[in-house]
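In what follows, a single structure is set out as structure tokens and then discussed.
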Amino acid sequence: MCETCGCSIPDHHHPAPADGETVEVLKGLMHANDHAAAHNREHFDRSGTLVINLMSSPGSGKTRLLERTAEALAGSRRIAVIEGDLETENDADRLRAGGVRAHQITTGSACHLDAHLVHRALHEFPLVENGQGTDILFIENVGNLVCPAAFDLGQHLNVVLLSTTEGDDKPAKYPVMFRAADLIVLSKADLLPLLDDFDVERAERSVRQLGVDTPIIQTAAGREPDIAQWLAWMEAQLEQRRRAVA
Amino acid sequence: MHELSVCQALMAQVRELAAQRDAGAVGVITLRIGPLSGVEPELLEHAFTIAREGPWTGRATLTIEHVPLIIRCRECGEQGVARPNRMLCPGCESYHVDVVSGDELLLARVELLDARPATSAEPTV
Chain R
1119 MCETCGCSIP DHHHPAPADG ETVEVLKGLM HANDHAAAHN REHFDRSGTL VINLMSSPGS
1179 GKTRLLERTA EALAGSRRIA VIEGDLETEN DADRLRAGGV RAHQITTGSA CHLDAHLVHR
1239 ALHEFPLVEN GQGTDILFIE NVGNLVCPAA FDLGQHLNVV LLSTTEGDDK PAKYPVMFRA
1299 ADLIVLSKAD LLPLLDDFDV ERAERSVRQL GVDTPIIQTA AGREPDIAQW LAWMEAQLEQ
1359 RRRAVA
Chain F
576 MHELSVCQAL MAQVRELAAQ RDAGAVGVIT LRIGPLSGVE PELLEHAFTI AREGPWTGRA
636 TLTIEHVPLI IRCRECGEQG VARPNRMLCP GCESYHVDVV SGDELLLARV ELLDARPATS
696 AEPTV
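Same order as they appear, the protein sequences are chains R and F.
The first sequence begins at 1119 in our numbering and counts up by one.
The second sequence begins at 576 in our numbering and counts up by one.
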């Protein structure tokens, strides 16, 4: 192997490097992903679909929230879900069992979805089916509070779940993720009376210390207070998006 | 750890540049990274030793310029250095602040070595 350029051509040797020429680039490292994300976003806008990227730790209730959302919106809004997991079709199967259009992306060992994976999924999972479009597409990202924050998928909004069984200081531990959120959902809020170590005010303070005024709501899918705040937020976003692309 | 994916995207960008400029090899690659980029510089350096294997970049080295996290208050106008999990105005402690710098994840410069005449063979990719 040539040790200068690293190619595998036998007996290929470059002469000792001359004075190098330094080229200014100043381009984002995520350029290729961002380009694909912009393409996805154009596609979503043309289809009139609101796209929400759901992120959280594993087990904070993303799939449960989507199941409950599908029940609540049945008959009024057409929704679809792209699921991201390292392995298994389990989450997509759960949603399909409730009559939701769902597509599973398995990432293998990758800890996040990227714009190319979503693009490929859209080829197999069109937003228009039998002449009917999709009002809201949810992308349930791989459960992880670090990596998904770095990859734009083309979504319009990021929603980050923080379940009450996690620490209320998670926003301080994962600032990049929580700063990326357009909405923070405190899920499993029905458990609050039972938990003496999750303080809602402390969680909110931890979010504000990231220098953001992101709205924070509470949900408990299927139990009090259920998901009324979540549905209201989503309807408002849907209206706003429709005005933006009208 | 998504730093390997980020690093592979970096190497694709660098190799494209080396091919365009008909360089023989790549020397120093300089990145500019801020604390809000979501990328851990140490992990990126580690991933780089794997991702650089291949044409043009086998001997490349990585230099990271750390960009400070600076915020400006929308209420009192004060500006100052912050930490990612404590981005309150240094003057009035308001959370209504804008990021002045610190979210960068940029390829700043690439040193191209041993530029060859345009007619010579490309290394196989």
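Even for Gly, the Cβ is constructed at its ideal location relative to N, Cα and C.
(request) Using a Cβ-Cβ cut-off of 9 Å, state whether L1144/R counts as contacting chain F. (result) Numbered from 1 along the first sequence, position 26 holds the residue referred to as residue 1144/R. It does: the Cβ of L1144/R has a partner Cβ on chain F nearer than 9 Å.
(request) Counting only runs of 3+ residues fully inside the stretch 1257-1328 of chain R, write out the beta strand (DSSP E) ranges in chain order. (result) 1275-1281 and 1301-1305
(message) Can you tell me which residues form a DSSP beta bridge with H1221/R?
(response) Here residue 1221/R is taken as the residue at index 103 of the first sequence, counted from 1. Partner(s): I1200/R.
(message) Please confirm whether H1230/R has its beta-carbon closer than 9 Å to some beta-carbon of chain F.
(response) The count along the first sequence starts at 1 and reaches residue 1230/R at position 112. Yes, H1230/R lies at the interface with chain F (some Cβ there is under 9 Å from its Cβ).
(message) Can you check which of these residues, H1221/R, F1243/R and L1184/R, is closest to I1345/R by C-alpha distance?
(response) In the first sequence, the residue the question calls residue 1345/R occupies position 227. Closest by alpha carbon: L1184/R.
(request) For F1296/R, I'd like the list of residues in its chain whose CB is within less than 7 Å of its CB, leaving aside the five on either flank, ordered along the chain. (result) Residue numbering aside, residue 1296/R sits at position 178 when the first sequence is read from its first letter. For F1296/R, where only same-chain residues beyond five positions count, the Cβ hits under 7 Å are V1278, P1289, I1302, V1325 and L1328.
(request) Could you run through the stretch 1144-1166 of chain R and flag, in chain order, every residue whose CB is less than 9 Å away from some CB of chain F? (result) L1144, K1145, G1146, L1147, M1148, H1149, A1150 and N1151
(request) Output yes or no for whether 9 Å exceeds the beta carbon distance between D1232/R and Q1222/R. (result) The residue labelled residue 1232/R in the question sits at position 114 within the first sequence. The residue labelled residue 1222/R in the question sits at position 104 within the first sequence. Not in contact: D1232/R and Q1222/R (Cβ atoms no closer than 9 Å).
(message) Within a Cβ cutoff of 6 Å, which residues of the same chain sit near A693/F, ignoring the five residues on either side of it in sequence?
(response) Along the second sequence, one-based indexing puts residue 693/F at 118. Reliability of the predicted coordinates at A693/F is poor, the pLDDT of 49 falling under 50, and the value obtained from them is presented with this limitation in mind. If we look at A693/F and ignore the five residues flanking it on each side, its Cβ neighbours are D597.
(request) State the start and end residues of the unbroken alpha helix (DSSP H) segment that holds N1151/R. (result) Position 33 of the first sequence, counted from the start, is the residue given in the question as residue 1151/R. First-last of the alpha helix (DSSP H) with N1151/R: H1149 to S1165.
(message) Helix, strand or coil for T1187/R? Go by DSSP, reduced to three states.
(response) Numbered from 1 along the first sequence, position 69 holds the residue referred to as residue 1187/R. In the structure shown, T1187/R sits in a helix (DSSP, three-state: H, G or I).
(message) Between L1356/R and chain F, is any beta-carbon pair separated by less than 9 Å?
(response) For this step, residue 1356/R is matched to residue 238 along the first sequence. No, L1356/R lies away from the interface with chain F (no Cβ there is under 9 Å from its Cβ).
(request) Let me know the secondary structure DSSP gives R1182/R once reduced to three states. (result) Taking the first residue of the first sequence as position 1, residue 1182/R is located at position 64. R1182/R falls in the helix class under three-state DSSP.
(message) I need the DSSP call for V642/F, collapsed to helix, strand or coil.
(response) To locate residue 642/F, count along the second sequence from 1; it is residue 67. The answer is coil: DSSP assigns V642/F none of H, G, I, E or B.
(message) Taking the straight line between their C-alpha atoms, what separation do you get for Q1336/R and P1293/R?
(response) Taking the first residue of the first sequence as 1, we reach residue 1336/R at position 218. Taking the first residue of the first sequence as 1, we reach residue 1293/R at position 175. Spanning the two alpha carbons is a distance of roughly 20 Å.
(request) With DSSP as the reference, label C582/F as helix, strand or coil. (result) What you label residue 582/F is simply residue 7 of the second sequence in a count that begins at 1. C582/F falls in the helix class under three-state DSSP.
(message) Just checking: is the beta-carbon of V581/F within a distance shorter than 9 Å of some beta-carbon in chain R?
(response) One-based indexing of the second sequence puts residue 581/F at position 6. True, the Cβ-Cβ gap to chain R drops below 9 Å.
(request) Tell me whether I646/F is buried or exposed, calling it buried when 16 or more other Cβ atoms sit within 10 Å of its Cβ. (result) One-based indexing of the second sequence puts residue 646/F at position 71. Classification for I646/F: buried.
(request) Quick one: using the 10 Å Cβ neighbour count with 16 as the cut-off for buried, is G677/F buried or exposed? (result) Within the second sequence, numbered from 1, the residue matching residue 677/F stands at position 102. G677/F should be labelled buried.
(request) Check A622/F in the structure and name its three-state DSSP category. (result) For the purposes of this step, residue 622/F is taken as residue 47 along the second sequence, with counting starting at 1. A622/F: helix per DSSP, three-state reduction.
(request) Quick one: give me the first and last residue of the beta strand (DSSP E) that L1144/R is part of. (result) Position 26 of the first sequence, counting from 1, holds the residue named residue 1144/R. Per DSSP, L1144/R belongs to the beta strand (DSSP E) from E1139 to G1146.
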